[in-house]
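**Student:** Sequential numbering from 3 applies to the sequence shown in this note's numbering.
This is the structure, below, for whatever I ask next.
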Amino acid sequence: MHMKTLFAGPALAAAALVLGSGLSFVTIAAAEDAMAGMNMSSGAPAANVGAPVTAGDLKISGAFSRAMLPGQPTGGGYFTITNSSPQADRLVSASSPIAGAVTLHSMTMDGKVMQMRPAPDGIEIPAGGTVTLDPNGRHLMFEKVTAPFKAGDTVPVTLTFAKAGMVQLALKVGAIGAKGP
Ligand SMILES: [Cu+2]
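Below, the structure is given as structure tokens:
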């Protein structure tokens, strides 16, 4: 698949092609290391990195991010949301103490080129449904980050849902091109 981003351009696409085929990354991290990585001077409580978190009827699991390429201005955030409620909910916004802005992005095909765009209405979580944010689809976009994400870092993020309210999450940063936590 040919991927293009509005932010990083062909360099990222080329790197994604190269790295998509076999880079491994560390999936096991001691909790102590994770907490040490949480030194973001935000004062926010540190979530238990990698563990699922709940907000009302929502469960959020598999949270991760990716190390950023040199010169890459933005980072991604990925996780799975499961809604056990008979009512739909909606992810309406996100924020992080280490990013000037966190945008909800959707991916759409523009001809044969995948484009990401802000999702102005947020991301719906269907009743009884599961939504996955991943590198090939909808995702969080961290903009104006205080420092490029590196493998092993922890990225704190607060998600706001229309019904379930706010929940704090910690994304474990994997290698460049990581496909999962
Ligand atoms: Cu994006």
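The C-beta atom is built at its ideal place from N, Cα and C for all residues, glycine as well.
Please classify Asn50 as buried or exposed, where buried requires at least 16 neighbouring CB atoms within 10 angstroms.
**Tutor:** In the sequence shown, counting from the first residue as 1, residue 50 sits at position 48. Result: exposed.
**Student:** Does any heavy atom of ligand 1 sit closer than 7 Å to the C-beta of Met70?
**Tutor:** Translated into positions along the sequence shown, residue 70 becomes position 68. Every heavy atom of ligand 1 is 7 Å or more from the Cβ of Met70, so no.
**Student:** In angstroms, rounded to a whole number, what distance separates the CA positions of Gly45 and Val147?
**Tutor:** Within the sequence shown, numbered from 1, the residue matching residue 45 stands at position 43. Within the sequence shown, numbered from 1, the residue matching residue 147 stands at position 145. Low local confidence applies: a pLDDT of 40 at Gly45 is under 50, so the model's placement there is unreliable, with the coordinate-based value given in what follows. Cα-Cα distance, rounded: 17 Å.
**Student:** How should Gln74 be labelled, buried or exposed, when 16 other C-beta atoms within 10 angstroms of its C-beta is the threshold for buried?
**Tutor:** Taking the sequence shown and counting its residues from 1, one reaches residue 74 at position 72. With 16 or more other Cβ atoms within 10 Å, it is buried.
**Student:** Under 7 Å from any heavy atom of ligand 1, does the C-beta of Ala143 make it?
**Tutor:** Residue numbering aside, residue 143 sits at position 141 when the sequence shown is read from its first letter. Here the sequence assigns Met to residue 143, which means Ala is not the residue at that position. Checking every heavy atom of ligand 1 against the Cβ of Met143, one is found closer than 7 Å.
**Student:** Quick one: is the Cβ of Met116 within less than 7 Å of any heavy atom of ligand 1?
**Tutor:** For this step, residue 116 is matched to residue 114 along the sequence shown. Checking every heavy atom of ligand 1 against the Cβ of Met116, none is found closer than 7 Å.
**Student:** In the structure shown, what three-state DSSP assignment does Gln74 receive?
**Tutor:** Taking the sequence shown and counting its residues from 1, the one referred to as residue 74 is at position 72. In the structure shown, Gln74 sits in coil (DSSP, three-state: anything other than H, G, I, E or B).
**Student:** Excluding the 5 residues preceding and the 5 following Phe163 in the sequence, name in chain order all residues of the same chain whose CB lies nearer than 8 Å to its CB.
**Tutor:** For the purposes of this step, residue 163 is taken as the residue at position 161 of the sequence shown. Ala57, Gly58, Leu60, Asp91, Arg92, Leu93, Val94, Ile127 and Val169.
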